[in-house]
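Novice:
2 protein chains.
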Amino acid sequence: MKRKSSSREEWAAQIAALDAAPVRKEPITVDRIVTTALALVETEGFAALTMRRVAAALGTGPASLYAHVRNKAELDDLLIGTLSRNVSLPTPHAGRWRAQFADVCGQLRDQFLRYPGIAQAALAAAPANLDTLRITEGLLAILLKGGVAPRPAAWTIDAALLYVSAYTVEASLRRHPDRDEDSRVVDRDEILARLRMLPVSRFPHTVEHADELNSGSGHERFEFALQLMLKGL
Amino acid sequence: MKRKSSSREEWAAQIAALDAAPVRKEPITVDRIVTTALALVETEGFAALTMRRVAAALGTGPASLYAHVRNKAELDDLLIGTLSRNVSLPTPHAGRWRAQFADVCGQLRDQFLRYPGIAQAALAAAPANLDTLRITEGLLAILLKGGVAPRPAAWTIDAALLYVSAYTVEASLRRHPDRDEDSRVVDRDEILARLRMLPVSRFPHTVEHADELNSGSGHERFEFALQLMLKGL
DNA sequence: TCTACGGACGAACAGTGTTCGTGTCAACTG
DNA sequence: CAGTTGACACGAACACTGTTCGTCCGTAGA
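Residue numbers (the working numbering), protein chains in the order written: chain A, 125 to 357; chain B, 125 to 357.
(1) Are the C-beta of V293/A and some C-beta of chain B separated by less than 8 Å?
(2) Give the interface partners of S289/A over in chain B, defined as CB-CB distance under 7 Å, in chain order.
(3) Judging by CA-CA distance, which residue of L285/A, M175/A, V293/A, L322/A is the nearest neighbour of A249/B?
(4) Touch check for the region 270–280 of chain A and the region 192–208 of chain A: three-plus C-beta pairs under 8 Å?
(5) With a Cβ-Cβ cutoff of 8 Å, do I266/A and Q224/A count as a contact?
(6) In this structure, does DSSP put D304/B in helix, strand or coil?
(7) Tell me which residues share the same chain as L337/B and place their Cβ nearer than 8 Å to its Cβ, disregarding the 5 neighbours each side in the sequence.
(8) Hey, is D311/A's beta-carbon within less than 8 Å of any beta-carbon in chain B?
(9) T280/A CB to nearest chain B CB: under 8 Å?
(10) Which chain A residues are close to P274/B, counting only those with a beta carbon under 7 Å from its beta carbon?
(11) With a 10 Å radius around its C-beta and 16 neighbouring C-beta atoms as the bar for buried, classify D200/B as buried or exposed.
(12) Going straight from the alpha carbon of L189/A to that of L203/A, what length do you get?
(13) Could you tell me whether the Cβ atoms of R233/B and V288/B are closer together than 8 Å?
(14) Counting only Cβ-Cβ distances shorter than 7 Å, please list the residues of the region 224–246 of chain A near chain B, keeping chain order.
(15) For L357/B and L350/A, what's the separation of their Cα atoms in angstroms?
(16) Within 8 Å of any Cβ in chain A, is that where the Cβ of L352/B sits?
(17) Report the CB separation of C229/A from A295/A in whole angstroms; it is logged as a contact under 8 Å.
(18) Cutting at 7 Å between CB atoms, please list the residues of its own chain near M353/A, excluding the five before and the five after it.
(19) Taking 8 Å as the CB-CB limit, is R345/B close to chain A?
(20) For L297/B, which option in T159/B, E168/B, G205/B has the closest C-alpha, if you only look at C-alpha atoms?
(21) Would a check of beta-carbon distances place E168/A closer than 8 Å to chain B?
(22) With burial defined as no fewer than 16 other Cβ atoms inside 10 Å of the residue's Cβ, what is the status of G185/B: buried or exposed?
(23) Decide if S325/B is buried, meaning its Cβ has at least 16 other Cβ atoms within 10 Å, or exposed.
(24) From the beta carbon of T330/B, is the nearest beta carbon of chain A less than 8 Å away?
(25) Where in the region 154–195 of chain B do unbroken runs of the alpha helix (DSSP H), each at least 4 residues long, occur, reported from the N-terminal end onward?
(26) Return the CA-CA distance between N210/B and H343/A, expressed in angstroms with no decimal places.
(27) For Q235/A, which residues from the same chain have a beta carbon less than 6 Å from its beta carbon, with the 5 sequence-adjacent residues on both sides left out?
As structure tokens, then:
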């Protein structure tokens, strides 16, 4: 009888599988995990990137992911690796090294901004990943071709990548805060108003140049900071 | 009888209080919370900063903290505010503006490094806090005294503060990782060895200048990046 | 003396990363 | 072709996290 009921269960399972069959057994792979995770980050931000949410989007439980990914940290690494693979490196041109360097950084910035908050993972995974090393290699090639000595080149790359991460983290937090609730979201005008509200006795320069402190639309500040580093070489 | 048992309980409580009395009722204040939290971060890192751990160190439960602090985010804000209050601002001197600027950034860096990982909170709390605004004011005064125009001054300050946070976050992660277990901890020599192991075909410059990429003891890279920004002005 | 009131706090909720043990399906082996 | 093996999928659980609710209690004011 056990056999009988078992076969009946099988029968029921087969019937149920009639619907699910086409989608049914698509196996979990690292690629599917990464793709799903990126989509999640893109729409809901890095804070929403959870093993459980990724697993749920794949129609399974969190434990299933750990056969393909050691850690959430490793998943983060994979994500920024994928992002890094999306930036294209130019063949170094001696006369345009500044523009080329800034362009690569800009690509990285845009990748990070597309997936809000993911730069937090970039700050942690900086040295380990092979794909980020590819970018470092490309930037090094550009600077060396431009005639920069190896050591300042290396240190400049380090500083620039650090800045890109910090810039994108802050930009993401400002436009995609965890809680939209009460007062956390402060737009430009609000910030300006608050700066003007400061006591002039203690914050004379801040009040006087509040508009300058608050200025910089788009990526003007980003470009400025980068050019600051590159002009200094 | 209820009264009787109540008074007896009181009596027992008073007896029990004989020992606990001297330490007993020290009330919870924001200052005590902040002090405890800072001590915790100093010894165990920012990842260990938990409402529960802070509460436990104060001999109570986590709910007690929420009478004095709205959020963990607000606690983070308070912490970096306290740290910011520790940096001393010089009276601006026109001839020494670069050194003064670098010195203030160095103070901030040291504060952040003393409490490993706390700079993560600084990246989030940048604009809101009043104490960080004090530093911005000080830096602005230094640059203006040095003859820098308001707008580049403001943007440079922004870039520098961002860089300080990123630098300290990365430095903290490198020396105080979450897990000391298997392979996450990679010291200088290990990194150098791995860089040399790369395929020369794909990473020619990285392999050739591996030692330069890995160089920079102490805060040499930090000073370099800062001077890079300041020379560019 | 009685009454409010504000801080302290136990318990609980929803959610996190991660692990253990079991199931189940596929492919290689005899 | 039958049988075993091994890798993968996954349910359940553990030890945490931040945060809230309702209750308690000690002190200040009427």
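Quick reminder that beta carbons are idealized off the backbone N, C-alpha and C, glycines included.
Specialist: In short, the structure shows the following:
(1) Position 169 of the first sequence, counting from 1, holds the residue named residue 293/A. True, the Cβ-Cβ gap to chain B drops below 8 Å.
(2) Walking along the first sequence from the start, residue 289/A turns up at place 165. Going along chain B in sequence order, the residues near S289/A (Cβ under 7 Å) are A290.
(3) Position 125 of the second sequence, counting from 1, holds the residue named residue 249/B. Measuring C-alpha to C-alpha distances from A249/B to each of L285/A, M175/A, V293/A, L322/A identifies V293/A as the nearest.
(4) no
(5) In the first sequence, the residue the question calls residue 266/A occupies position 142. In the first sequence, the residue the question calls residue 224/A occupies position 100. A contact, by the Cβ cut-off of 8 Å.
(6) Locating residue 304/B in the second sequence gives position 180, where the first residue counts as 1. Note that D304/B has pLDDT 43, beneath the 50 cutoff, so the model's placement of it is unreliable and the number below is only indicative. Here D304/B sits in coil by DSSP.
(7) Here residue 337/B is taken as the residue at index 213 of the second sequence, counted from 1. The answer, listed in chain order, is L319, T330.
(8) Taking the first residue of the first sequence as 1, we reach residue 311/A at position 187. It does not: the Cβ of D311/A has no partner Cβ on chain B nearer than 8 Å.
(9) The residue given as residue 280/A occupies position 156 in the first sequence. T280/A counts as touching chain B.
(10) Start at 1 with the first residue of the second sequence, and residue 274/B comes out as number 150. Within chain A, the residues near P274/B are H333, E336.
(11) Counted from its first residue, the second sequence places residue 200/B at position 76. Per the 10 Å Cβ criterion, buried.
(12) Within the first sequence, residue 189/A is the residue found at index 65, counting from 1. Within the first sequence, residue 203/A is the residue found at index 79, counting from 1. Each residue's Cα considered, the two are about 15 Å apart.
(13) By 1-based counting over the second sequence, the position of residue 233/B is 109. By 1-based counting over the second sequence, the position of residue 288/B is 164. The answer is yes: Cβ separation under 8 Å.
(14) none
(15) Stepping through the second sequence from its first residue, residue 357/B is reached at position 233. Stepping through the first sequence from its first residue, residue 350/A is reached at position 226. Going from the Cα of L357/B to the Cα of L350/A covers about 12 Å.
(16) Here residue 352/B refers to the residue found at position 228 of the second sequence. Yes - at least one Cβ of chain A is within 8 Å of the one on L352/B.
(17) Taking the first residue of the first sequence as position 1, residue 229/A is located at position 105. Taking the first residue of the first sequence as position 1, residue 295/A is located at position 171. That belief does not hold up - the Cβ atoms of C229/A and A295/A are roughly 14 Å apart, past 8 Å.
(18) Within the first sequence, residue 353/A is the residue found at index 229, counting from 1. Within the same chain, M353/A has close Cβ partners T280, A283, A284.
(19) For the purposes of this step, residue 345/B is taken as the residue at position 221 of the second sequence. Taking 8 Å as the CB threshold, R345/B lines the interface with chain A.
(20) Numbered from its first residue, the second sequence carries residue 297/B at position 173. Taking the Cα of L297/B as reference, the smallest distance to any Cα among T159/B, E168/B, G205/B is reached at E168/B.
(21) Locating residue 168/A in the first sequence gives position 44, where the first residue counts as 1. False, the Cβ-Cβ gap to chain B never drops below 8 Å.
(22) Taking the second sequence and counting its residues from 1, one reaches residue 185/B at position 61. Burial call: exposed.
(23) By one-based count along the second sequence, residue 325/B stands at place 201. Under this definition S325/B is an exposed residue.
(24) Here residue 330/B refers to the residue found at position 206 when the second sequence is read from its first residue. T330/B counts as touching chain A.
(25) Listed in chain order, they are 154–168, 175–181.
(26) Position 86 of the second sequence, counted from the first residue, corresponds to residue 210/B. Position 219 of the first sequence, counted from the first residue, corresponds to residue 343/A. Each residue's Cα considered, the two are about 32 Å apart.
(27) Within the first sequence, numbered from 1, the residue matching residue 235/A stands at position 111. Counting only Cβ-Cβ distances below 6 Å, and skipping sequence neighbours, we find L207, N210.
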